[in-house]
Amino acid sequence: MTVLWVALTGAIVYLDTTAVAQIMICQPLIVCPLWGLIVGRPEIGLFFGVAFQLLWLGSFPVGAARFPEGNIGALVATAVAAGIPAAENGQPAWIVLTLATVVGILTAHLGSEVTPLVRKLMSRYSPQVVKAAQEGRRRRFALLYFGAVGIHAGAGFLLTALAFLVGKWIFALYLGPFAALGLSEALVAQTDRMLSGIWPALLGAGAAIVAGRFVQRVSAKWFVLSLAAGLGVGWLCL
Amino acid sequence: MPLSRDEARHLAARSLLLQVLLNYRTMQGSGYLFALWPWLRRSESSSVRVKACADYLNAHPVFGALAIGAMRRRIEEGDVERDPTEFGKWQESLCGPLGMVGDSLIWDRWKPLLFSLGVLLLLWFPAIEVWAGVAIGCLLLYNVPLVRLRVWAVSEGYRLGGNVLEALGHPLVGRLRKGLSIAGACVAGLLLASGVLQSGSTAWSAAAQFAVAFALMLLAVSRRWGILWSLLLALGAALLVPAILLVLPTQV
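Following this line, the structure appears as structure tokens:
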């Protein structure tokens, strides 16, 4: 049943990313914590919301450009990780967060192949819509136009469902078939120390992406000033 | 006669579906047809006009509202019937400027700035209550100005007609671009500082992992490497840092 709800959410995310309105409810910072909140795992939603928001800030859906479907990837990572119970200390195990991060990145890559397919399909679909308008067929025009919204939603639904199921399979492969019932203490203890580094690594990669997006020759001095001020104030507070 | 406020709002609302038929042949073309359709189907010689509206055009979805207003004005004045070839060339001439200005202001600066500010807040106050405020704030701050911009753009496009690109020469455009760049650079600096402080406050190895991922990703961004492999490389290399730190002293 979870797969259906994830896929429905994925359809909305996919629509908002490129096709309809683009009011940014698709952003990881919105959709991941919301999913976490709904399934009772807000900490996982916050983790992926922050991490994936940073990672995908550098890419945007422009014209004919191919771009990673990072928003769907973030949702799938959150949903897959939220399916594994917390460790003994009440926190999610780092192995779960690390594996889900990889699943999210791979999903985004898979998604970058889906959007061009939908656009190719629209190249053949669009003339029918124009023809209906030229013939003055109001109903057919509306039906075809909103049918195209359905095609986008369907693509988002299928991509999310497939990625979620593959993600769950990868989890079962690495963590054992009963991972959904909880991880063994030994496994968490063995992996936590090594994989807790995924958080600083994600922050580092994300900070580089944001810096790459904003810092240019003309704004470099503002970057350096705010970095120094941030470090100074933070040093005093911490 | 200027476009009425209601008509401008109506066209702006329909511009939200501009990208539904986005395709490699006409790009957003059919989206402009959808936006103007309620008016077009009541107008004369609509078949020629429909074809002209659905021709190749690609702009930023918000700045495309300028094109919607301008197309409506030019079609009303009979420009499509008078010289369809010139109308098509004019449409194509809008693509570059409307796309570039919209992309550089909204995709490149406004959206990343707002959401990285949200991330910055959540890094220091990681609570779901704070997130609720951040999410509502980001959505309102992002959408309210853009809705107003769409309505204004439709009216302004209609007023300027064929000279719609004059709207992009507004001094505010340049000032906004510069201001958002500076604000973005400041947020990027604060984010980097936050990352350093948060990683460094836990363990030296975490700080090293942060630094390795940052350096590799910065290299990837500057060299324009593919995002997927760059991310996997940066994250993988960072995860190996503790193992290297353990091995190094024994080797020395």
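So the sequence lines, in the order shown, correspond to chains H and E. So the first sequence is numbered by my numbering: it starts at 118 and just counts up by one. So the second sequence is numbered by my numbering: it starts at 14 and just counts up by one. We put the beta carbon where it would ideally sit given N, CA and C, even for glycine. Owing to the predicted nature of the structure, the values given are computational and were not obtained by experimental measurement.
query	result
Contact set between Ile88 (chain E) and chain H, taken where Cβ atoms lie within less than 9 Å	Within chain H, no residue comes near Ile88 (chain E); the closest Cβ sits about 14 Å away, beyond 9 Å.
Nearest neighbour of Gly82 (chain E), chosen from E:Thr98, E:Arg18, E:Glu94 [CA to CA]	E:Arg18
6 Å Cβ shell around Leu130 (chain E) - same chain, five flanking residues per side excluded	Val200
Three or more C-beta pairs below 8 Å linking the stretch 219-238 of chain E and the stretch 250-260 of chain E	yes
Best match in H:Pro202, H:Gly347, H:Gly273, H:Leu275 for proximity to Ser301 (chain H) [C-alpha to C-alpha]	H:Pro202
Under 8 Å by beta carbon: chain H residues contacting Gln211 (chain E)	Pro317, Leu320
Distance between beta carbons of Leu34 (chain E) and Ser28 (chain E), contact taken as under 8 Å	Contact flag wrong, Cβ pair sits at about 13 Å.
Collapsed DSSP secondary structure at Val40 (chain E) in the structure displayed	For the record, residue 40 (chain E) in the displayed sequence is Met; it is not Val. Looking at Met40 (chain E) - three-state DSSP - the assignment turns out to be strand.
Residue from E:Ala196, E:Gly109, E:Gly239 whose Cα sits closest to the Cα of Val332 (chain H)	E:Ala196
Contact under 8 Å by Cβ, Leu136 (chain E) with Val147 (chain E)	no
For Leu70 (chain E), three-class secondary structure by DSSP	strand
As assigned by DSSP and simplified to three states, the class of Ser229 (chain H)	helix
Helix, strand or coil at Asn156 (chain E) [DSSP, three-state]	helix
Chain E contact residues for Thr135 (chain H), given Cβ-Cβ distances below 8 Å	Gln32, Leu35
Cβ pair count under 8 Å reaching 3, the stretch 188-203 of chain H against the stretch 271-286 of chain H	yes
Option in H:Ala337, H:Leu292, H:Val305 with minimal Cα separation from Gly202 (chain E)	H:Ala337
Reduced DSSP secondary structure (H/G/I, E/B, other) of Phe184 (chain H)	coil
Cα-Cα separation between Ala48 (chain E) and His23 (chain E), rounded to whole angstroms	9 Å
Status (buried if at least 16 other CB within 10 Å, exposed otherwise) for Trp211 (chain H)	buried
Per-residue burial, Arg310 (chain H) [other beta carbons within 10 Å of its own, 16 or more giving buried]	exposed
Min CB distance Arg334 (chain H) to chain E below 8 Å	no
CB of Ala219 (chain E) within 8 Å of CB of Gly314 (chain H), strictly	yes
Length of the line joining the Cα atoms of Arg188 (chain E) and Glu105 (chain E)	27 Å
Against chain H: residues of the stretch 193-210 of chain E by CB proximity under 8 Å	Ser194, Ile195, Gly197, Ala198, Cys199, Val200, Ala201, Gly202, Leu203, Leu204, Leu205, Ala206, Ser207, Gly208, Val209, Leu210
Reference Gly344 (chain H); option with closest CA among E:Ile149, E:Leu107, E:Ala206, E:Pro97	Note that residue 344 (chain H) is Leu in the sequence shown, not Gly. The option with the nearest alpha carbon to Leu344 (chain H) is E:Ala206.
Exposed unless 16 or more other CB atoms sit within 10 angstroms - verdict on Ser214 (chain E)	exposed
Ser117 (chain E) vs Gly329 (chain H) beta-carbon contact at 8 Å	no
Chain-order list of residues whose beta-carbon lies under 7 Å from that of Arg158 (chain H) (same chain, five-residue window excluded)	Ala199
Contacting residues, own chain, Cβ-Cβ under 6 Å from Ala247 (chain E) (five flanking each side not counted)	Ala226, Leu229, Met230
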